[in-house]
Amino acid sequence: MSTENPAGDVRKGEELDIAAIDAVLKDNVSGLEGTPEVKQFSSGASNLTYALTYPNRSLVLRRPPFGTRPKSGHDMHREYRIITALKPVYPAVPNSVFYTDDESIIGAEFYVMDRVDGHMIISWPKDWSEQTASTLCENFFQKLVDLHQVDYKAIGLEDFGKPEGYVDRQIGGWNRRFEKAWTEDVEKFEDVREWLEANKPSVENTPGILHGDYRIDNCILNKDDPTKIDALLDWEICALGDPLMDLGNTLSYWIEKDDPPMMQLMVRQPSNAPGMMTRQDILKFYSDRTGADVSDFRFYYVYGIWRLAVIIQQIYYRYYHGQTDNPRFKPFGQMVNALGQLSRIKIDTGEI
């Protein structure tokens, strides 16, 4: 287990034209010296993330994946704009540096930000205490509360999206994306999709900024105090809308130590470490600090699980059709089937 933010060799087929990038950056960013060393972060199954290390400055570049991409996804300007707008009022984002939509440079739009040094936690270090876990967990969810309470109009994001009707668009949109990305080795789960359509809440909550992929392993933790969060990464699917949809997404990733084996296979962050809150604890924490009514959370939780299944299916579709040969994606079809089955269980039991 590493508590660093690792970057290794660039994967085959995902190389960058570093000479072209270096030239455009030096035309637009003052003070860069020398030639950057280029590495690629192993995380990031969707948008691709690279470390550009100059002798005097460490940067990170984000670009869409190679191959067929959904038209509404992988919007680099959206990521760049949200972190730029948030930085003055929500410091836990990287500092934005440069964006371009000129695809002639590397074949896609991209943006660059300053690299944030710190810890990136996937599994829990054995020498960290239960109290450390508890403090990190509370700070993590407080950051989500703080994000949802940012006045997006006051920071110039009133036109960032259409919060009204967000729930309806999400359910319809993710169901359509699943249809387009479906492969024959994955079940269709018509019953899950129909349940979500039929059980949308009649009234949406007051809209806020939604991260869309809020997980501990998307955070950079402070180098000296790893219970503090210095930066939140991966704003690829951020939006304006009902905050409980964002919380549902986060809880779909939140695996507890007593969850069944099907769920334990999906652990991607130390949510099951001693000292971490349970999903019910999190709902109470969130409600106490926001006033949100979370008494009937089943719809939001099932939505989070199903949306995760669709995201994984979209990635698997590229692997299935030979658009990427990354071996990490080989079992993704099985993961989609497992998440679909989990959605059914949660619909039947109502358990969070």
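Residue numbering for the sequence shown follows this note's numbering, beginning at 874 and increasing consecutively. By construction, the Cβ of each residue, glycine as well, lies at the ideal position given by its N, Cα and C atoms. If you're wondering where the values come from, they're calculated on a predicted model, not measured in any experiment.
Boundaries (first-last residue) of the alpha helix (DSSP H) holding Gln1043: From DSSP, the alpha helix (DSSP H) with Gln1043 extends over Tyr1039 to Ala1054.
To the nearest angstrom, how far is the alpha carbon of Met874 from that of Trp997? Unreliable placement is indicated for Met874, whose pLDDT of 35 sits below 50; the coordinate value is still reported in the next sentence. Roughly 8 Å between the two C-alpha positions.
Taking buried to mean at least 16 other C-beta atoms within 10 Å of its own C-beta, is Lys885 buried or exposed? Lys885 is exposed by the Cβ-count criterion.
Range of the contiguous beta strand (DSSP E) that encloses Val902: No beta strand (DSSP E) holds Val902; DSSP gives it neither H nor E.
Any heavy atom of the ligand SAH closer than 7 Å to the Cβ of Arg1180? Judged by which ligands are present, the structure shown has none, so any question about the ligand SAH falls away.
Since Met1118 and Tyr1173 should fall inside the 8 Å C-beta cutoff, what is the C-beta to C-beta distance between them, to a whole number of angstroms? Under the criterion of beta carbons closer than 8 Å, Met1118 and Tyr1173 qualify as touching, at roughly 6 Å.
Whole-Å CB distance - Lys1016 paired with Ala965, under 8 Å assumed: That belief holds up - the Cβ atoms of Lys1016 and Ala965 are roughly 6 Å apart, short of 8 Å.
Is the Cβ-Cβ distance between Ile1220 and Val1175 less than 8 Å? Taking 8 Å as the Cβ cut-off, Ile1220 and Val1175 qualify as a contacting pair.
Considering Cα atoms alone, identify which of Asp895, Gly907, Ala1211 and Gly1029 is closest to Glu1060. Comparing Cα-Cα distances from Glu1060 to each of Asp895, Gly907, Ala1211 and Gly1029, the minimum goes to Ala1211.
Residue range of the unbroken alpha helix (DSSP H) whose run includes Val1175: Arg1171 to Tyr1193 is the span of the alpha helix (DSSP H), which, as asked, contains Val1175.
Nearest to Arg951 by alpha carbon, out of Asp1107, Gln1214 and Asp1166? Relative to Arg951, the option among Asp1107, Gln1214 and Asp1166 whose CA is nearest is Asp1107.
Around the C-beta of Asp1041, are 16 or more other C-beta atoms found within 10 angstroms, so that it is buried, or is it exposed? Under this definition Asp1041 is an exposed residue.
In whole angstroms, what is the alpha-carbon distance linking Ser1216 and Cys1092? Ser1216 and Cys1092 have their alpha carbons spaced roughly 27 Å apart.
Based on Cα-Cα distance, which residue from Ile894, Tyr1192 and Val1209 lies nearest to Ile1185? Of the candidates Ile894, Tyr1192 and Val1209, the one whose C-alpha sits nearest the C-alpha of Ile1185 is Val1209.
Can you grab the Cα-Cα spacing for the pair Phe983 / Glu1224, in whole Å? Straight-line Cα distance between these residues: approximately 41 Å.
Quickly, what does DSSP pair Ile1093 with across the bridge? List them, please. Per DSSP, Ala1104.
For Ile1089 versus Phe1014, is the C-beta distance shorter than 8 Å? Against a cut-off of 8 Å, the Cβ pair of Phe1014 and Ile1089 comes out as no contact.
State the Cα-Cα distance for the pair Tyr1192 and Gly1164, rounded to the nearest angstrom. Within the model, the alpha-carbon separation for Tyr1192 versus Gly1164 is close to 43 Å.
Give a yes or no on whether the C-beta atoms belonging to Asn920 and Glu1109 are separated by under 8 Å. For the pair Asn920 and Glu1109, the CB atoms are nearer than the 8 Å cut-off.
So, Tyr972 versus Leu1020, is the Cβ gap smaller than 8 Å? With respect to Leu1020, Tyr972 sits apart: the two C-beta atoms are not nearer than 8 Å.
Top-ranked residue by Cα proximity to Trp1179, from Trp1047, Thr1222, Pro909 and Ser969: Checked all of Trp1047, Thr1222, Pro909 and Ser969; the closest Cα to Trp1179 is Trp1047.
Please confirm if Asn1048 has its CB atom under 8 Å from at least one CB of chain B. In summary, chain B is missing from the structure at hand, where a single protein chain is found.
So, with DSSP's three-state summary, where would you put Phe1033? Secondary structure of Phe1033 (DSSP, three-state): coil.
Restricting to Cα atoms, I'd like to know which of Thr922, Glu1063, Gly1038 and Ser1075 is closest to Met949. Residue nearest to Met949 within the set Thr922, Glu1063, Gly1038 and Ser1075 is Thr922 (criterion: CA-CA distance).
Counting Cβ pairs, one atom from each stretch, are 3 or more of them under 8 Å apart for the region 1135-1152 and the region 1002-1010? Segment contact: the region 1135-1152 against the region 1002-1010, three or more CB-CB distances shorter than 8 Å; contact assigned.
Looking only at C-alpha atoms, which of Thr1100, Leu905, Ile978 and Ser1075 sits nearest to Trp1001? Considering only alpha carbons, the answer is Thr1100.
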